[in-house]
Structure formats: C-alpha cells, structure tokens
Amino acid sequence: DAKTTQPPSMDCAEGRAANLPCNHSTISGNEYVYWYRQIHSQGPQYIIHGLKNNETNEMASLIITEDRKSSTLILPHATLRDTAVYYCIARRGYSTLTFGKGTMLLVSP
Amino acid sequence: GAVVSQHPSWVICKSGTSVKIECRSLDFQATTMFWYRQFPKQSLMLMATSNEGSKATHEQGVEKDKFLINHASLTLSTLTVTSAHPEDSSFYICSAYTSGRAGETQYFGPGTRLLVL
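Protein sequences, first through last, are from chains A and B. For the first sequence, my numbering assigns the number 158 to the initial residue and increments by one for each residue that follows. For the second sequence, my numbering assigns the number 2 to the initial residue and increments by one for each residue that follows.
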C-alpha cells in the first residue's frame with residue numbers, strides 16, 4: 158500500500174472547521190484513502206473512506222484531489238471531543254490497515 | 002458502524018502467567034480478524050491475522066508460540082499471551098472487516114491494556 162504523509166500535529170479552535178491534510182503521491186488506482194482516529198486509550202474509530210469522489214457522512218467530509226495524490230479530512234465544527242490522533246491510510250482491497258504516526262489534532266476552547 | 006468488543010478491558014498479571022483476551026464481533030460475522038498492539042507514544046503495529054477455522058498468520062518478529070490465536074467461530078477470536086513478561090505490557094487491539102454500503106471496512110475493538118508485573 159502507498160505511503161502517506163501527515164503533519165505531526167495541528168491545532169483548531171472549538172466550533173471551527175478542522176482541515177487535516179494527507180499526502181499520498183504514490184497511491185495506485187485501486188487504493189482507497191481511509192481515515193481513522195484514535196482518542197487517547199481507545200481503539201481506532203473509522204471515520205470515512207473514498208476512492209476518487211469526495212465523500213461526506215455524519216462525522217466528516219473527505220476531499221480527494223483530482224490526481225488523487227492528496228486528500229483533506231474536514232471536521233466541519235470541531236468539538237473538544239474531536240481531540241485525537243487522526244490516521245490517513247491508503248489501502249488496497251482486502252489488505253490490512255497499516256498505521257503511520259498520524260496527526261495529533263488538539264481542539265481548544 | 003459495526004461493533005467489536007474486547008474482554009477484559011484491562012488486566013494485571015504476574016510475570017510467567019498466561020493471559021487470554023477475547024475479541025467479538027457483535028453484529029456481524031467476521032471470517033478474518035486482526036490483532037494489533039500499541040506501545041506508549043507509538044502507533045498500532047499488526048501482530049497477526051486470524052482466520053476462522055484455520056491457523057493464524059503472525060507478522061515477522063511476532064512469536065506464534067508466545068502469542069496464541071484461536072478463531073473458533075465467525076464472531077470470536079482469542080489472543081493468549083503465554084508466559085507473559087513485563088516487556089509484553091502493552092495495549093492490545095483487535096479488529097475485523099465487515100461489508101456494507103461503503104464497502105469493506107475494518108472496525109476496531111476498544112482495546113485491552115495489559116500490565117505484567
């Protein structure tokens with residue numbers, strides 16, 4: 158699976174949108190982009206995934222560039238409970254998820 | 002989303018004893034489950050892939066005779082840490098695939114924190 162690159166940390170004010178970038182310049186055509194988050198001392202939580210098109214669900218939106226070399230996870234109105242480590246993972250089919258270091262998002266009052 | 006549970010949520014044991022951790026898929030059947038562990042301030046590392054009715058596949062560097070995995074049914078996988086030592090103290094997390102409208106998605110349990118004294 159393609160390697161992804163994320164900033165180690167980001168800050169966001171409560172109530173504002175949090176935009177988390179991810180670079181996956183070597184992604185192949187059949188690899189999906191997955192986002193998970195891990196709140197301290199808990200198991201990872203699935204957020205969203207996509208292949209080519211932008212996706213939205215009740216938790217977040219995923220914007221994938223046309224060339225698929227990067228993507229952005231958007232939390233539209235961040236709350237304190239969104240403080241977590243966010244992982245962007247490129248995954249093919251049934252391959253296992255491989256976690257990098259992710260982005261530590263700190264949402265402040 | 003699909004629900005994966007683990008039991009116990011935390012365990013403290015003496016060095017040399019064995020510890021069993023259960024992972025259950027509560028509302029779906031999982032032919033494949035995964036076991037990860039996470040040391041403090043590090044990311045999750047895959048330990049093994051558990052297949053229902055067959056032998057598990059352990060990752061390189063993970064001793065299969067020390068970390069025993071049994072996937073006896075489509076909803077239950079167990080990880081047994083045999084002869085645990087302090088260096089086995091870690092956060093153990095299981096996960097499973099399920100198919101849905103969004104395709105194949107991997108869901109994770111809440112984790113089991115193991116402390117070996």
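All C-beta atoms, glycine included, are put in the ideal place defined by N, C-alpha and C. In this text the structure is predicted, and so the values were computed from the model without any measurement.
Under 9 Å by beta carbon: chain B residues contacting residue i
i        : result
A:Gly257 : Ser44
Residue i (DSSP reduced to helix, strand or coil)
i        : result
A:Asp168 : strand
B:Pro87  : helix
B:Leu118 : coil
A:Arg173 : coil
B:Leu47  : strand
A:Arg238 : helix
A:Ile196 : coil
A:Met261 : strand
A:Ile184 : coil
B:Val12  : strand
A:Met216 : coil
B:Ala57  : coil
A:Gln202 : strand
A:Arg225 : coil
Proximal residues of chain B, C-beta to C-beta of residue i below 7 Å
i        : result
A:Leu254 : Gln107
A:Pro164 : In chain order: nothing, as chain B lies at least about 15 Å away.
is_contact[residue i, chain B] using C-beta, thresh 7 Å
i        : result
A:Tyr243 : no
A:Gly186 : no
Cβ distance (whole Å) where residue i is taken to contact residue j below 8 Å
i        : j        : result
B:Ile22  : B:Gln7   : 6 Å
A:Ile204 : A:Ala247 : The Cβ separation is near 15 Å, so there is no contact.
B:Phe35  : A:Thr161 : That pair is no contact at about 19 Å.
B:Leu115 : B:Val82  : 7 Å
A:Pro164 : A:Pro178 : 7 Å
A:Gly186 : A:His234 : 34 Å between Cβ atoms; not a contact.
B:Ala97  : B:Ala31  : 4 Å
A:Tyr243 : A:Gly257 : So it is not a contact: roughly 11 Å between Cβ atoms.
A:Ala174 : A:Leu263 : Not really, about 15 Å apart at Cβ, beyond 8 Å.
Cβ-based neighbour list, residue i, same chain, cut-off 8 Å, excluding 5 preceding and 5 following
i        : result
A:Asn210 : Ile221
A:Tyr189 : His206, Gly207, Leu208, Ala247, Arg248 and Arg249
C-beta neighbour in chain A for residue i, strict 7 Å
i        : result
B:Gly112 : yes
B:Leu75  : no
B:Leu27  : no
Other residues of its chain near residue i: CB distance less than 6 Å, five sequence neighbours each side excluded
i        : result
B:Leu77  : Arg25
A:Thr191 : Strictly speaking, residue 191 of chain A in this sequence is Tyr, with Thr absent from that position. Excluding residues within five positions, the ones whose Cβ falls inside 6 Å are His206, Ile246 and Arg248.
A:Arg225 : Ile184
B:Trp11  : Arg114
Contact list for residue i against chain A, beta-carbon separation under 8 Å
i        : result
B:Leu115 : Chain A residues near B:Leu115: none, gap ~13 Å exceeds 8 Å.
B:Phe40  : Simply none; closest approach about 13 Å.
B:Phe68  : Residues of chain A passing the Cβ test: none, with the nearest at roughly 16 Å.
B:Ile22  : Here the premise fails: no neighbours, minimum Cβ distance about 13 Å.
B:Ile94  : Gly200 and Pro201
9 Å Cβ cut-off: residues of chain A touching residue i
i       : result
B:Leu47 : Thr253, Leu254, Thr255 and Phe256
Contacts of residue i in chain B (Cβ-Cβ under 8 Å)
i        : result
A:Gly172 : Here the premise fails: no neighbours, minimum Cβ distance about 25 Å.
Interface partners of residue i on chain A, CB under 7 Å
i       : result
B:Thr50 : Thr253
Own chain residues within Cβ distance below 7 Å of residue i, not counting five before or after
i        : result
B:Ser91  : Arg38, Gln39, Phe40 and Leu115
B:Ser19  : Thr81, Val82, Thr83, Ser84 and Ala85
B:Val117 : Cys14, Ser16, Ala85, His86, Pro87, Asp89 and Ser90
B:Tyr108 : Gly2, Ala3, Val5, Ser96, Ala97 and Thr99
A:Ser182 : Lys226
Cβ of residue i within 7 Å of any chain D Cβ
i       : result
B:Phe68 : In the structure shown, chain D does not exist; the protein chains are A and B.
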